[in-house]
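Just so you know, we're using the working numbering here: the sequence shown kicks off at 2 and counts up by one.
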Amino acid sequence: MNAAVRAVVRMGYYLGCKVFYIKEGYQGMVDGGENIVEATWASSSGILQFGGTAIGSARCKDFRERAGRLKAAENLINLGISNLVVIGGDGSLTGANLFRKEWTDLLEELVKTRIHQRAFVLEVMGRHCGYLALVGALATEADWVFIPEWPPKEGWEDTLCKKLSAERSLGQRLNIILVAEGAIDMKGNPITADMIITKNLNYDTRVTVLGHVQRGGKPTAFDRILGARMGAEAVLALMDATPTTPACVVSLNGNQTVRVPLMECVQRTQAVQKAMNEKNFEEAVRLRGKSFENNLLTYRKLSKLRPPKEQCDIEGQHCATGKRLAVMNIGAPACGANAAVRSFVRLALTHGYTVLGIHDSFDGLIYSNVKPLGWTDVHSWSARGGCLLGTKKVVASKYGMDRIAKKLKEHDISGLLIIGGFEAYHSALQMAEARKDFEEFCIPICVIPCTISNNVPGTDFSLGADTALNEIADICDRIKQSATGTKRRVFIVETMGGYCGYLATMSGLAGGADAAYIFEEEMTITNLRDDVFHLKDKIVNAGVQRGLILRNENANQNYSTDFVHNLFSEEGKGVFTCRKNVLGHMQQGGVPTPFDRNYGTKMAAKAVEYMATLIPESTDKATGKVRTSEPYTATLLGMQKRHLTFTPVQELKAVTDFDKRIPHDQWWLKLRPLLRILAKHREQAYITEGVLAGVDEVEDEDNA
Numbered sequence: 002m003n004a005a006v007r008a009v010v011r012m013g014y015y016l017g018c019k020v021f022y023i024k025e026g027y028q029g030m031v032d033g034g035e036n037i038v039e040a041t042w043a044s045s046s047g048i049l050q051f052g053g054t055a056i057g058s059a060r061c062k063d064f065r066e067r068a069g070r071l072k073a074a075e076n077l078i079n080l081g082i083s084n085l086v087v088i089g090g091d092g093s094l095t096g097a098n099l100f101r102k103e104w105t106d107l108l109e110e111l112v113k114t115r116i117h118q119r120a121f122v123l124e125v126m127g128r129h130c131g132y133l134a135l136v137g138a139l140a141t142e143a144d145w146v147f148i149p150e151w152p153p154k155e156g157w158e159d160t161l162c163k164k165l166s167a168e169r170s171l172g173q174r175l176n177i178i179l180v181a182e183g184a185i186d187m188k189g190n191p192i193t194a195d196m197i198i199t200k201n202l203n204y205d206t207r208v209t210v211l212g213h214v215q216r217g218g219k220p221t222a223f224d225r226i227l228g229a230r231m232g233a234e235a236v237l238a239l240m241d242a243t244p245t246t247p248a249c250v251v252s253l254n255g256n257q258t259v260r261v262p263l264m265e266c267v268q269r270t271q272a273v274q275k276a277m278n279e280k281n282f283e284e285a286v287r288l289r290g291k292s293f294e295n296n297l298l299t300y301r302k303l304s305k306l307r308p309p310k311e312q313c314d315i316e317g318q319h320c321a322t323g324k325r326l327a328v329m330n331i332g333a334p335a336c337g338a339n340a341a342v343r344s345f346v347r348l349a350l351t352h353g354y355t356v357l358g359i360h361d362s363f364d365g366l367i368y369s370n371v372k373p374l375g376w377t378d379v380h381s382w383s384a385r386g387g388c389l390l391g392t393k394k395v396v397a398s399k400y401g402m403d404r405i406a407k408k409l410k411e412h413d414i415s416g417l418l419i420i421g422g423f424e425a426y427h428s429a430l431q432m433a434e435a436r437k438d439f440e441e442f443c444i445p446i447c448v449i450p451c452t453i454s455n456n457v458p459g460t461d462f463s464l465g466a467d468t469a470l471n472e473i474a475d476i477c478d479r480i481k482q483s484a485t486g487t488k489r490r491v492f493i494v495e496t497m498g499g500y501c502g503y504l505a506t507m508s509g510l511a512g513g514a515d516a517a518y519i520f521e522e523e524m525t526i527t528n529l530r531d532d533v534f535h536l537k538d539k540i541v542n543a544g545v546q547r548g549l550i551l552r553n554e555n556a557n558q559n560y561s562t563d564f565v566h567n568l569f570s571e572e573g574k575g576v577f578t579c580r581k582n583v584l585g586h587m588q589q590g591g592v593p594t595p596f597d598r599n600y601g602t603k604m605a606a607k608a609v610e611y612m613a614t615l616i617p618e619s620t621d622k623a624t625g626k627v628r629t630s631e632p633y634t635a636t637l638l639g640m641q642k643r644h645l646t647f648t649p650v651q652e653l654k655a656v657t658d659f660d661k662r663i664p665h666d667q668w669w670l671k672l673r674p675l676l677r678i679l680a681k682h683r684e685q686a687y688i689t690e691g692v693l694a695g696v697d698e699v700e701d702e703d704n705a
C-alpha cells in the first residue's frame, strides 16, 4: 500500500496535479478536517519499507449511508478535489463505485442545500426603548432592525423584501432581522415578529421571541467590574450626602463614573415618552442621547446594500475622491479588529475613498500583498475573532523606513489606519518622526489600540481587552467550580499582559480574587506573607472555602508563579491546599464580545471622519497629493474618561515606557484598593471616582 501511495503522490506531482492524503479511509473522507491534508513530495519519502499504510485505513459505517456520502462529497468539493484514487479490497472498490454513480446527484443536492433561503426574526426586550435591539443589530450585522424611535415608513414590507432579495443576489445566504418589543410604524401601530415573515420571498423564516432568556446567564466581566465600581461609588455618595443633597443616579459616562441628579433623569425619561406619544421621533432619538443617535446613524450607513452610487462602486474600485486609504493590523491578534476593519471599509467607501487591505502587517506592504476591499468583502467580519487581514508583532523600523515609504508611494496611499497593540503605536510614532526624511509619511495616520494587554498610552480601553477579560473570568469561575466539594482550596492563576497588570487587576475584580500581583506595584515577600495569613484567617474564621490569587506574567522576576504556589502551599499546610494554573493564549479569546464589536465599529467610524476631514485640507492643489507634517495628523484614537480623543503620537512618547511597553500613568491602578477592600483587606484607602454631572453633560457623543 505504501508503495502505491508514494507512486500516486509523486506521479501526480510529476503531471502538475495537486494531491491530497485522505487519512483513515472513507471515515476520513466523511469526517474531513485534519483527515484530508495536502501531500508533498517529502511526505511520501521513507515509507516504502513499512508494512500497512502510512495514511491509515478504517471501516466506515457512515459511508454506507447516503448522508455520509453526501458529507464526504462536500468535503472533497470544498478542497477542490475532483478525482479519487482508492487503494483497497472489494469493500473499498464497491464503495468507490457507488460513490461514482451518485456523484452527480450528490452535487445537485449540495447546490440546493447551499442556496436554501433562510431568515431569522428575533424579538428582543426593552419595552419602549430600542437600545438593546439597536446595539444588537450593530454587533450581529443584522439586515434590518425595528425600534420604536425609528419607525419604518409606509410600505416597509415591500422595502424589506426588496432588500433581502437583493442581498441574496449578492451571495448572502442568511438574513437576521431584530425587532424591539415596543416597535411601531409611523402611525403608531405595533410591529410584531410574526408580522415580518417574508412569505412572498419563499424564505424559510424562523421567529424567536427571546423573552426572559435575555435576563439570565452569567454576568460578563464588564458588568461585574461596573457593578463593583458603581456599588462602591453609591456608598461613597451616601457618605458624602447631607440632608439637603439631592438624590442622584450613579452612572458611567465613557469610562468616568458620574453622579447625575435623580430628578433630571426622571424628567428626561418622561420627555422621551412625551415625544414618542406625539410621534416626534426625531426628538425622541435626540433625547435618547448622542450615543444612541450615533449608533443609529452608523447602523443605517453600515447596513446598506452598497455605498452611494455617486461616491463609489460596490467593489470599491472607482470612487469619487480618487484617493486611496489603507488599513493594516500590527501586533498580536485581538478580538474586535475585524469589526473595526469592516466599519472602516464601508464608511470610507461611503465617503468616496478606495480602501486597500494590507495583509500580514508590513510584510504585506513590502511584498505587495495589498488588495482593494469592497463593500461585500467585509460582510460578517464583526463576529469573527483574530485578524482576518493577518498580523505580525514587528515595528516599522525593522523593515527599513525607506522601503516602507517606497511602497506607500507605489500604492498611492493618502491615509493609513493601523489597528493593533503597542507595536502599532510605536510604528506610527516612527513614521511620524520620519516625515522630515520621507514625504510619503506626510499623510493622515491613525492608530486604533487593539490588544488584550491594554498597554497602549492614550486610551483607557483597547479593543480585545473586554473579550480577554471575559475569557479569564470564565476560566476562573470554572477553576473555582472544579473545587466544589473540596474544602479549603486556593488557586494561583497567571495571566498574560506583558508588564501591564490590567488583565490581572480587572479579572481579579471580576472574579472576586483575594489579591492580584502586578509589575506596577512592588511585589515583596512581606506582601506575600501577609496575603497568606489573610487567606488563612478568612478560611478559618470567616468560613470561606476557596481563594483566588492572580499574578501577571511579569509581576516579578524572582517571585514567579511557581514560587508563589510553593509559598502558599507550604504556609497553608493544615488550613488549605493550593493549585496553580497558567492560562496562556486562550486569553486572546474566540468570538468577540458585543462590547468589542461595537467599540471597534465606533472607533473606526471616528477614524474615517477624522481622515475625511484632514485629507481635503492637506491636499496640494497643484499636484493633488496629500501632504501634511502637522503633529495632529499622526494620532492615536482612544477613550479618555468621557471622550473619544485623538492624541498626537509624538505627544504620547513622553508618557511611554518603551522598555516595559506600558504608559507611565494608568487609570485602572486607582481601582486596586477597591479589589483589596472587597477581599476584606483593611489597610487600603479608596478615593472616589465620581464627579457631579447634569443629565445633558452625560449625553456625550462618545458614550458606548
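All residues carry an ideal CB built from backbone N, CA and C; glycine is no exception. Small disclaimer: the values here were computed from a predicted structure and weren't measured.
Close-in-space but distant-in-sequence residues of the same chain around residue i (CB under 7 Å, 5 per side omitted)
i: W376; result: R307, P308, I315, G317, R347 and L350
i: F100; result: R70
i: K154; result: M187
i: R343; result: V379, W382 and S383
Nearest-angstrom beta carbon gap, residue j and residue i [assumed within contact, 8 Å]
i: S619; j: T636; result: No, S619 and T636 are not in contact; Cβ-Cβ is about 13 Å, not under 8 Å.
i: E234; j: T270; result: In fact, because the Cβ distance is near 21 Å, the residues do not count as touching under 8 Å.
i: C579; j: V491; result: 5 Å
i: P445; j: M612; result: 5 Å
Between the CA atoms of residue j and residue i - distance to the nearest angstrom
i: A73; j: V87; result: 14 Å
i: A59; j: L111; result: 26 Å
i: G189; j: L133; result: 20 Å
i: Q482; j: G548; result: 12 Å
i: L679; j: G232; result: 11 Å
i: N557; j: G401; result: 34 Å
i: G127; j: A181; result: 7 Å
i: P450; j: S44; result: 42 Å
i: L653; j: T141; result: 34 Å
i: V656; j: F647; result: 15 Å
i: V371; j: P632; result: 27 Å
i: E283; j: Y300; result: 16 Å
i: L584; j: D515; result: 18 Å
i: H352; j: F363; result: 26 Å
i: Y204; j: L123; result: 15 Å
i: I420; j: T245; result: 49 Å
i: S252; j: R260; result: 6 Å
Residue environment, residue i, which counts as buried when at least 16 other CB atoms sit within 10 Å
i: L16; result: exposed
i: R683; result: exposed
i: W151; result: buried
i: E702; result: Any reading at E702 must be qualified, since the residue scores a pLDDT of 48, below 50, and its modelled position is unreliable; the value itself is stated next. E702 should be labelled exposed.
i: A686; result: exposed
i: E523; result: exposed
i: L161; result: buried
i: H566; result: buried
The beta strand (DSSP E) enclosing residue i, as first and last residue numbers
i: E124; result: R119 to V125
i: L297; result: Note, L297: premise wrong, no beta strand (DSSP E); alpha helix (DSSP H) at K291 to L303.
i: K372; result: V371 to P373
i: S252; result: C249 to N254
i: W668; result: Taken as a continuous stretch (DSSP letters only), W668 belongs to no beta strand (DSSP E), as it is neither H nor E.
i: N582; result: T578 to V583
i: G548; result: R547 to N553
i: A414; result: First, the amino acid is wrong: residue 414 is Ile here, not Ala. Counting along the chain, the beta strand (DSSP E) containing I414 begins and ends at I414 to G421.
Endpoints, alpha helix (DSSP H) assigned at residue i
i: R67; result: R67 to N79
i: S508; result: Y503 to G512
i: N3; result: N3 to Y15
i: F345; result: A338 to T351
i: G228; result: A222 to D241
i: H566; result: T562 to E572
i: I526; result: I526 to N542
C-beta neighbour in chain C for residue i, strict 8 Å
i: G29; result: The structure shown contains no chain C; it holds only a single protein chain.
Sequence-distant residues of the same chain with beta carbon closer than 8 Å to residue i, five excluded per side
i: N79; result: G33
i: I48; result: N3, V6, R7 and A55
i: V125; result: L133, A134, G137, L179, V180, A181, E182, L211 and Q215
Contacting residues, own chain, Cβ-Cβ under 6 Å from residue i (five flanking each side not counted)
i: T221; result: N471
i: A406; result: F439 and E441
i: L675; result: A233 and Y687
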